[in-house]
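Protein sequence lines correspond, in order, to chains A and B.
When the letters of the first sequence are read in order and numbered with this note's numbering, they come out as residues 1 to 109.
When the letters of the second sequence are read in order and numbered with this note's numbering, they come out as residues 1001 to 1115.
In this text, a Cβ means the ideal position worked out from N, Cα and C, and glycines have one as well.
To keep things clear, I will list the structure first and then write my remarks on it.
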Amino acid sequence: GAVVSQHPSRVICKSGTSVKIECRSLDFQATTMFWYRQFPKKSLMLMATSNEGSKATYEQGVEKDKFLINHASLTLSTLTVTSAHPEDSSFYICSAEQFFGPGTRLTVL
Amino acid sequence: QKEVEQNSGPLSVPEGAIASLNCTYSDRGSQSFFWYRQYSGKSPELIMSIYSNGDKEDGRFTAQLNKASQYVSLLIRDSQPSDSATYLCAVKGSRGGTSYGKLTFGQGTILTVHP
């Protein structure tokens, strides 16, 4: 099946710093990608829809100024968590079509 | 009513048995349905997709879709301990709906296969 990669797989940062997560579709082009967040033992929560060449669409309750999404090409979307705080610690997963990336575990100290 | 609802778990079956996972959905216009397996601490892994009424088999997995009843299921034959995971049913939103193009997930069913 199609492959979606994410980088980094794990990141630890200090409170107040920004963290960028990359999501790539390796063998297909994706005009739309999705970003999810998942807390331990909880369901996947859709954060936003990343649209190539246009602004992302955020789900209700997700701060667009805190979670910056850029989809500059048909194979790359990035999620930047700005001014990260410990409550932003979570598992961030992207998807393209019906395929999920391996996820990025963010820990904010 | 939840948009996508899975049979409540957890589900425990002995090794070698058939595990049956069920899912109902509310968007009558949906055309794409998926089953994912998610191990603890990992991202969801696509195991089956189904788009037409009837059965679709892939190895030990069989997905069944009945659009009239708005029902999709997953059967796992010869269950193995390595099948122990959370299984997620996902439905792609139909055109014209508020969730067009997005996947809506059920709450997940935890499956345990015991030796």
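For residue j and residue i, the rounded distance between their alpha carbons
i	j	result
Lys42 (chain A)	Leu1088 (chain B)	12 angstroms
Lys14 (chain A)	Leu1111 (chain B)	37 angstroms
Met33 (chain A)	Ser54 (chain A)	12 angstroms
Lys20 (chain A)	Asp1027 (chain B)	35 angstroms
Tyr36 (chain A)	Leu1046 (chain B)	16 angstroms
Ser1073 (chain B)	Gly1059 (chain B)	16 angstroms
Pro40 (chain A)	Arg1095 (chain B)	32 angstroms
Thr17 (chain A)	Ala1085 (chain B)	35 angstroms
Asp65 (chain A)	Thr82 (chain A)	8 angstroms
Thr80 (chain A)	Leu68 (chain A)	5 angstroms
Thr1104 (chain B)	Ser1049 (chain B)	14 angstroms
Residue of the options minimising C-alpha distance to residue i
i	options	result
Gly103 (chain A)	B:Gln1038, B:Arg1028, B:Asn1053, B:Ser1026	B:Gln1038
Ala48 (chain A)	A:His85, A:Asn70, A:Gly101, A:Leu74	A:Asn70
Ile1076 (chain B)	B:Val1013, B:Glu1005, B:Val1004, B:Gly1009	B:Val1013
Val108 (chain A)	A:Ser50, A:Val81, A:Ser89	A:Ser89
Thr1109 (chain B)	B:Tyr1100, B:Asp1083, B:Gly1096, B:Ser1052	B:Asp1083
Tyr1051 (chain B)	B:Leu1065, B:Pro1115, B:Glu1057, B:Ala1017	B:Leu1065
Pro8 (chain A)	A:Leu74, A:Thr78, A:Met45	A:Thr78
Ser1030 (chain B)	B:His1114, B:Asn1022, B:Lys1102	B:Lys1102
Lys1002 (chain B)	B:Gly1009, B:Cys1023, B:His1114, B:Gly1041	B:Cys1023
Ala72 (chain A)	A:Met45, A:Cys23, A:Pro86	A:Cys23
Beta bridge counterpart(s) of residue i as assigned by DSSP
i	result
Glu97 (chain A)	DSSP, once it has assigned bridges, lists no residue as partnering Glu97 (chain A).
Gln1038 (chain B)	B:Thr1086
Lys20 (chain A)	A:Thr80
Per-residue DSSP class, three states only, for residue i
i	result
Asp1083 (chain B)	helix
Glu1003 (chain B)	coil
Glu52 (chain A)	coil
Pro40 (chain A)	coil
Leu27 (chain A)	The question names Leu, but residue 27 (chain A) is Asp in the sequence shown. DSSP places Asp27 (chain A) in coil when its eight states are reduced to three.
Asp1078 (chain B)	coil
Pro86 (chain A)	helix
Thr1104 (chain B)	strand
Beta-carbon separation (whole angstroms), residue i vs residue j, contact threshold 8 angstroms
i	j	result
Gln38 (chain A)	Phe91 (chain A)	5 angstroms
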